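Numbering (our numbering), first residue to last: 52 to 356.
Every residue, glycine too, gets a C-beta built ideally from N, C-alpha and C.
For clarity, every value in this text was computed on a predicted model and none was experimentally measured.
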């Protein structure tokens with residue numbers, strides 16, 4: 052049997068008790084990594100705790116001949132994130148990759164969104180990604196190597212209705228990843244993003260009240276969580292040593308490299324701009340290149356293949 056692509060590496064996967072995180076943890080182990088399965092077992096909205104999901108994944112890994120330990124600390128707490136990373140080091144002697152996958156949903160239309168709806172999602176997703184990344188950074192610098200895989204969302208790239216909190220949190224992970232890549236490349240540390248697509252308990256909350264909504268749900272149900280795991284495992288491996296600061300999107304058997312913000316069109320006026328000049332000159336020149344208010348399902352409108 053050939054050696055796994057991440058053989059000997061130590062990987063922390065957050066939110067690994069269910070869905071996409073679970074599949075990433077299982078494939079990491081199958082490909083030879085020692086895995087810290089982190090999950091507090093919360094509800095979709097971030098309520099309650101349950102150690103069962105993380106422990107079940109650990110037992111599956113061990114049953115398959117792999118090595119894994121469970122972690123029940125919350126990524127939303129800075130000190131707890133330190134403990135998660137330290138558990139990897141204490142259990143397996145080092146840490147090579149952090150997969151920032153943990154997340155919750157509080158979907159609501161913006162004018163009805165409460166501060167708690169905003170704050171709770173930000174703490175788990177945006178702060179959680181920072182907390183975990185910062186906790187691992189010290190070890191990565193000391194050992195002159197490591198990688199981050201940030202599981203983002205097309206809600207943070209293209210956008211979706213009713214997800215201002217979730218989309219903003221995921222978008223923040225994109226720039227966190229880019230700045231980590233810039234700051235830590237000198238220590239041979241890589242940081243990349245994956246916008247996954249799958250039918251999980253998180254996407255299971257999508258309403259299907261209209262024919263269009265029902266069609267969207269049927270489309271999403273075709274895409275299973277395991278389809279996202281191979282790219283995450285690849286990005287954790289030495290085979291991805293030249294991949295840094297990139298954004299990918301996975302969708303069933305499709306794989307996309309996503310664009311990053313760059314100028315589309317520029318205008319110059321030697322005498323400077325006035326509000327009226329912008330209205331009369333700049334707007335007509337720029338407007339043809341405006342992006343429409345498209346949602347994720349508008350950008351990727353075809354069925355998964």
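Distance, residue j Cα to residue i Cα
{"i": "residue 339", "j": "residue 345", "result": "15 Å"}
{"i": "residue 285", "j": "residue 133", "result": "25 Å"}
{"i": "residue 107", "j": "residue 137", "result": "22 Å"}
{"i": "residue 177", "j": "residue 327", "result": "40 Å"}
{"i": "residue 288", "j": "residue 281", "result": "11 Å"}
{"i": "residue 127", "j": "residue 174", "result": "5 Å"}
{"i": "residue 98", "j": "residue 153", "result": "14 Å"}
{"i": "residue 308", "j": "residue 208", "result": "12 Å"}
{"i": "residue 61", "j": "residue 195", "result": "15 Å"}
{"i": "residue 73", "j": "residue 100", "result": "17 Å"}
{"i": "residue 103", "j": "residue 348", "result": "34 Å"}
{"i": "residue 350", "j": "residue 310", "result": "13 Å"}
{"i": "residue 93", "j": "residue 149", "result": "20 Å"}
{"i": "residue 164", "j": "residue 341", "result": "28 Å"}
{"i": "residue 91", "j": "residue 144", "result": "23 Å"}
{"i": "residue 222", "j": "residue 244", "result": "10 Å"}
Which of helix, strand or coil DSSP assigns to residue i
{"i": "residue 120", "result": "strand"}
{"i": "residue 52", "result": "Its pLDDT being 38, under 50, residue 52 is placed unreliably by the model, and nothing is read from it."}
{"i": "residue 69", "result": "coil"}
{"i": "residue 351", "result": "coil"}
{"i": "residue 223", "result": "helix"}
{"i": "residue 164", "result": "coil"}
{"i": "residue 108", "result": "helix"}
{"i": "residue 211", "result": "coil"}
{"i": "residue 169", "result": "helix"}
{"i": "residue 293", "result": "coil"}
{"i": "residue 345", "result": "coil"}
{"i": "residue 275", "result": "coil"}
{"i": "residue 314", "result": "coil"}
Any C-beta of chain C under 8 Å from that of residue i
{"i": "residue 74", "result": "Checking the listed chains, one finds no chain C in this structure; it contains a single protein chain."}
Limits of the beta strand (DSSP E) - the one that residue i falls within
{"i": "residue 151", "result": "148 to 151"}
{"i": "residue 305", "result": "305 to 308"}
{"i": "residue 88", "result": "85 to 89"}
{"i": "residue 243", "result": "240 to 246"}
{"i": "residue 200", "result": "197 to 202"}
Span of the alpha helix (DSSP H), counted from its first residue to its last, around residue i
{"i": "residue 142", "result": "129 to 143"}
{"i": "residue 334", "result": "334 to 337"}
{"i": "residue 283", "result": "280 to 287"}
{"i": "residue 179", "result": "179 to 194"}
Sheet register partners of residue i (DSSP bridge)
{"i": "residue 57", "result": "Partner(s): none; residue 57 has no beta bridge."}
{"i": "residue 302", "result": "305"}
{"i": "residue 64", "result": "88, 150"}
Cβ pair count under 8 Å reaching 3, the region 75 to 90 against the region 113 to 121: Two segments are said to touch when three or more pairs of C-beta atoms, one from each, lie closer than 8 Å; by this definition the region 75 to 90 touches the region 113 to 121.
Contact between the region 222 to 242 and the region 177 to 184 (3+ Cβ pairs under 8 Å): Contact between the region 222 to 242 and the region 177 to 184 is present, because at least three Cβ pairs lie under 8 Å.
Inter-stretch contact (C-beta, 8 Å, three-pair minimum) for the region 291 to 309 and the region 319 to 333: Fewer than three pairs of CB atoms, one per stretch, sit closer than 8 Å, so the region 291 to 309 makes no contact with the region 319 to 333.
Inter-stretch contact at 8 Å, needing at least 3 Cβ pairs: the region 60 to 78 / the region 122 to 142: A contact exists between the region 60 to 78 and the region 122 to 142.
Three CB pairs or more closer than 8 Å across the region 159 to 171 and the region 186 to 197: No: fewer than three Cβ pairs fall under 8 Å.
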